[in-house]
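The block underneath contains the structure these notes are about, expressed in structure tokens.
In UniProt numbering, the protein residues as written are 1 to 284.
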């Protein structure tokens, strides 16, 4: 499961983000499986239900916290025979970085990752995207409804309204208020679960991917996140894609993004570890 007889990693763990479930990875999981990979896409704890069920009863969403989510994936990954490739989208990309900081993964990819502690950029579009949750402190312990209008701005900004509404029906669930508040105020919390050691040289190779027109995690945020890893000599890469929104995992052309992520991770995971202790400055 973990690697081929030749030592090539063949397992991918996919971590979904806020407002989503593992269904958001359905195209990537199918494509990677067709390439011979063993794909694992676990839900956040308690969220292993359909989109429709979670809308009807969002209680499991309201119960989420960063610490319990990271611990959940930590257990899953440590139970595998060998280190897998870890990929996370949005808050899943933040969690993937925390897992890398724990020494997990053969290679790690953050797809439009939410910012870890230390990233100070907060563009206006990011604030507007989070407003449905952040507008009331009472939302911290709630699962906040995600309307078609919310989705059209945050995920569907490159789509027709008809296509955006169709994607909303298929993929969107309420947002976990506690997760968003933990991320938004990470820089004020000395013990934030979103913190990582940017200077580590013994972590897996890391790729952070950004989208030119992402409203939720703008490219400037991902660039700033990648730049913090300049303190480390471990392999860190940054790549920005034109015309990609936060819905990059399902937006038309997602195949190119999925292939880039896997190809990079496979190459990086195949390198001798000493070859990944180098300085690759994120492009600006």
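For each residue, glycine too, the CB sits at the ideal point set by N, CA and C.
Please confirm whether residue i and residue j have their CB atoms less than 8 Å apart.
i, j, result
"residue 97", "residue 108", "yes"
"residue 206", "residue 188", "no"
"residue 113", "residue 13", "no"
"residue 106", "residue 237", "no"
"residue 115", "residue 183", "yes"
"residue 23", "residue 51", "yes"
"residue 156", "residue 247", "yes"
"residue 161", "residue 152", "yes"
"residue 217", "residue 158", "no"
"residue 19", "residue 173", "yes"
"residue 134", "residue 180", "yes"
"residue 93", "residue 144", "no"
"residue 249", "residue 89", "yes"
"residue 141", "residue 270", "no"
Cα separation between residue i and residue j?
i, j, result
"residue 264", "residue 69", "26 Å"
"residue 139", "residue 178", "8 Å"
"residue 104", "residue 46", "23 Å"
"residue 101", "residue 196", "6 Å"
"residue 127", "residue 44", "24 Å"
"residue 266", "residue 137", "42 Å"
"residue 132", "residue 148", "12 Å"
"residue 26", "residue 244", "18 Å"
"residue 224", "residue 55", "34 Å"
"residue 201", "residue 229", "10 Å"
"residue 276", "residue 268", "7 Å"
"residue 34", "residue 240", "26 Å"
"residue 260", "residue 199", "26 Å"
"residue 284", "residue 49", "Here the model assigns residue 284 a pLDDT of 42, short of 50, so the residue's position is not dependable and the matter cannot be decided."
"residue 67", "residue 9", "27 Å"
"residue 60", "residue 121", "31 Å"
"residue 11", "residue 258", "15 Å"
"residue 79", "residue 38", "15 Å"
"residue 273", "residue 82", "15 Å"
"residue 242", "residue 254", "12 Å"
"residue 163", "residue 21", "19 Å"
"residue 215", "residue 124", "9 Å"
"residue 287", "residue 146", "This structure leaves residue 287 out entirely; the chain is present only between 1 and 284."
"residue 190", "residue 208", "24 Å"
"residue 1", "residue 36", "Residue confidence for residue 1 is low, a pLDDT of 41 falling below 50, so the modelled location carries little weight; the figure read from the coordinates is stated next. Taking the straight line from one Cα to the other gives about 11 Å."
"residue 129", "residue 185", "15 Å"
Under three-state DSSP, which class holds residue i?
i, result
"residue 127", "helix"
"residue 156", "coil"
"residue 13", "strand"
"residue 283", "Caution is warranted here: a pLDDT of 44 is assigned to residue 283, below 50, making its placement in the model unreliable, and the coordinate value is therefore given only provisionally. Correct three-state label for residue 283: coil."
"residue 72", "helix"
"residue 37", "coil"
"residue 265", "helix"
"residue 66", "helix"
"residue 107", "strand"
"residue 29", "helix"
"residue 5", "With a pLDDT of 38 at residue 5, under the threshold of 50, the predicted position of this residue should be treated as unreliable, though the coordinate-derived value follows. Coil, per DSSP."
"residue 43", "coil"
"residue 270", "helix"
"residue 118", "coil"
Compute the beta-carbon to beta-carbon distance between residue i and residue j, rounded to the nearest angstrom, for a pair I have assumed lies under 8 Å.
i, j, result
"residue 219", "residue 227", "Wrong, their Cβ atoms sit about 12 Å apart, outside the cutoff."
"residue 77", "residue 99", "7 Å"
"residue 117", "residue 192", "5 Å"
Looking at residue i and the ligand HEM, is the gap between the Cβ and the nearest heavy atom below 7 Å?
i, result
"residue 45", "For the structure depicted, the ligand HEM is absent and the ligand set is empty, with no information on it obtainable."
Beta strand (DSSP E) runs contained entirely in the stretch 180-255, provided each spans 3 or more residues: Within the stretch 180-255, the runs of beta strand (DSSP E) that reach at least 3 residues and sit entirely inside it are, in chain order, 206-211 and 236-241.
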